[in-house]
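Student: Following the numbering used here, the numbering of the sequence shown begins with 132 at its first residue and continues without gaps. Heads up, the beta-carbon is just placed ideally off N, CA and C, and yes, glycines get one too. Since the structure is predicted, the reported quantities are computational estimates derived from the model, not experimental observations.
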Amino acid sequence: MKHKQNYLVGASFFLVIFTMLGYLVKFFPETLAGIDSSIQTSVRGDLPANATAFFKIVTNFGHEVFIFVYVFAIAFVFYFWKKWKAEAILLAGNLVLMGIFSTGFKYLYNRPRPSIQYLIPKPMGPSFPSWHAAATMVVALSLVVIMEQHLTKTTLKRCLQVLVVVIALTTALSRIYLGVHYPSDILGGWLLAFAIAAATYPFYDKKRFEWRFQGKQE
132 MKHKQNYLVG
142 ASFFLVIFTM
152 LGYLVKFFPE
162 TLAGIDSSIQ
172 TSVRGDLPAN
182 ATAFFKIVTN
192 FGHEVFIFVY
202 VFAIAFVFYF
212 WKKWKAEAIL
222 LAGNLVLMGI
232 FSTGFKYLYN
242 RPRPSIQYLI
252 PKPMGPSFPS
262 WHAAATMVVA
272 LSLVVIMEQH
282 LTKTTLKRCL
292 QVLVVVIALT
302 TALSRIYLGV
312 HYPSDILGGW
322 LLAFAIAAAT
332 YPFYDKKRFE
342 WRFQGKQE
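Below is the structure:
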């Protein structure tokens, strides 16, 4: 019970910080303008061609269609081939929850996109929180948990865990570089991802234990 409460307290903490940030975005956007602008300038620089080409590719890791296809493909393998049923539900379920909450919050806060040069077509919909940042991070966190419990070779496990987190971080960075998100949008997406991951973990851990005891999964 205490284990579960710790994770729920953590989820509440991330959600409170997210709500506070959203309050500033909605009612006092000028308080974020300075730091957002400074980070945008630092990340974008003089928009070198090589960096632009790189980030245009990387940003696709968080594209709605792409991420749902590859996440559900992995979840399918987990559920039917590996018999990791709880893991499959954790991975796919976290992405679905993130999509629901992220979309709802976008239209609740209704923040306009940045008024700077876009390097890709302007995305539809409001800016806060960043879908790409939230989606890639919640998937990365889910995979880190699954790898921690199933991979026995420490070096391989750590390398793969670092890889998925780096992909999430780089995808988020691409949204700032390409001009379609404020840095505070990215932070909002990450806070939402951590809140969801922390909230769902104890339920996943409980089901995983029960189903393994009942012989329903590996």
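If we require 4 or more residues per run, which alpha helix (DSSP H) segments fall completely within the segment 171-238?
Tutor: Entirely contained in the segment 171-238, the alpha helix (DSSP H) runs reaching 4 residues are, in chain order, 180-189 and 195-207.
Student: Any contact between the segment 303-321 and the segment 164-178? By contact I mean 3 or more CB pairs, one from each, below 8 Å.
Tutor: Yes: at least three Cβ pairs fall under 8 Å.
Student: Helix or strand or just coil, what does DSSP make of Ser-305?
Tutor: Helix.
Student: Among the residues of its own chain, which have a CB less than 7 Å from the CB of Thr-186, if the five just before and after it don't count?
Tutor: Per the sequence shown, residue 186 should be read as Phe rather than Thr. Excluding positions up to five away in sequence, the list reads Ser-305, Tyr-308 and Leu-309.
Student: Measuring only the C-alpha atoms, how far is Ala-326 from Val-140?
Tutor: Rounded to whole angstroms, Ala-326 to Val-140 spans 10 Å at the Cα level.
Student: Please give the ranges of any alpha helix (DSSP H) in the segment 249-287, keeping only runs that are unbroken, at least 4 residues long and fully inside the region.
Tutor: The qualifying runs are 262-281.
Student: Considering only residues of the same chain and omitting the five flanking positions on each side of Lys-338, which have a CB-CB separation below 6 Å?
Tutor: Counting only Cβ-Cβ distances below 6 Å, and skipping sequence neighbours, we find Ala-217.
Student: What do you reckon, are the CB atoms on Ala-329 and Tyr-138 nearer than 7 Å?
Tutor: Yes, Cβ-Cβ distance for Ala-329 and Tyr-138 is below 7 Å.
Student: Please report the distance separating the alpha-carbon of Gly-230 from that of Asp-316.
Tutor: For Gly-230 and Asp-316, the distance between alpha carbons rounds to 15 Å.
Student: Apart from the five residues on each side of it in sequence, which residues of its chain come closer than 8 Å, Cβ to Cβ, to Ile-148?
Tutor: Closer than 8 Å at the Cβ level, and outside the excluded window around Ile-148, lie Leu-322.
Student: Do Thr-302 and Phe-192 count as a contact pair if the criterion is CB distance below 7 Å?
Tutor: Contact flag set, yes.
Student: My guess is that Leu-226 and Phe-197 are in contact by the Cβ rule of under 8 Å, so how many angstroms apart are they, rounded?
Tutor: Wrong, their Cβ atoms sit about 12 Å apart, outside the cutoff.
Student: Taking the alpha-carbon of Met-278 as reference, which of Pro-243, Phe-209 and Leu-318 has the nearest alpha-carbon?
Tutor: Closest by alpha carbon: Phe-209.
Student: If you draw a straight line from the alpha carbon of Trp-342 to that of Val-295, how long is it in whole angstroms?
Tutor: Approximately 27 Å, taken between the alpha carbons.
Student: For Pro-314, which three-state DSSP category applies?
Tutor: Three-state result, Pro-314: helix.
Student: Just verifying my parser: in three-state terms, what is the DSSP assignment at Pro-245?
Tutor: Correct three-state label for Pro-245: coil.
Student: Quick check: what's the CA-CA separation for Ala-324 versus Pro-245?
Tutor: One C-alpha to the other measures close to 22 Å.
Student: Are the beta-carbon atoms belonging to Gly-224 and Pro-260 less than 7 Å from one another?
Tutor: Not closer than 7 Å, so no.
Student: Take Val-156 and list the residues in its own chain whose beta-carbon comes closer than 6 Å to its own, dropping the five residues that flank it on each side.
Tutor: Closer than 6 Å at the Cβ level, and outside the excluded window around Val-156, lie Tyr-240, Arg-242 and Phe-259.
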